[in-house]
Amino acid sequence: MATGFAVLQFFRNEDGLTVVEYVVAAALLVSVVTLVFLTLQTGLSGKFSSTISSAGN
Numbered sequence: 080m081a082t083g084f085a086v087l088q089f090f091r092n093e094d095g096l097t098v099v100e101y102v103v104a105a106a107l108l109v110s111v112v113t114l115v116f117l118t119l120q121t122g123l124s125g126k127f128s129s130t131i132s133s134a135g136n
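Numbered by the numbering used here, the letters in the sequence shown go through residues 80 to 136 in order.
Here is the structure:
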């Protein structure tokens, strides 16, 4: 029965992050990465357009 006791202790242990905290952290990470890519897309689009138009001349 020592295994059953160890499992109960594991589930009662409140140390560390919970699943909810991991989900919130993942959502924040996805938001930041999306914002970075959207910002870079806007800047790079203008640079590619000017490079292509100057290469055509």
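Glycine residues also receive a C-beta, built at the ideal position from the N, C-alpha and C atoms.
Query, Result
"Pairwise C-alpha distance: Asn92 and Ser129", "59 Å"
"C-alpha distance - Leu114 paired with Val98, whole-angstrom precision", "24 Å"
"Run of the alpha helix (DSSP H) containing Thr118, from where it starts to where it stops", "Val98 to Ala134"
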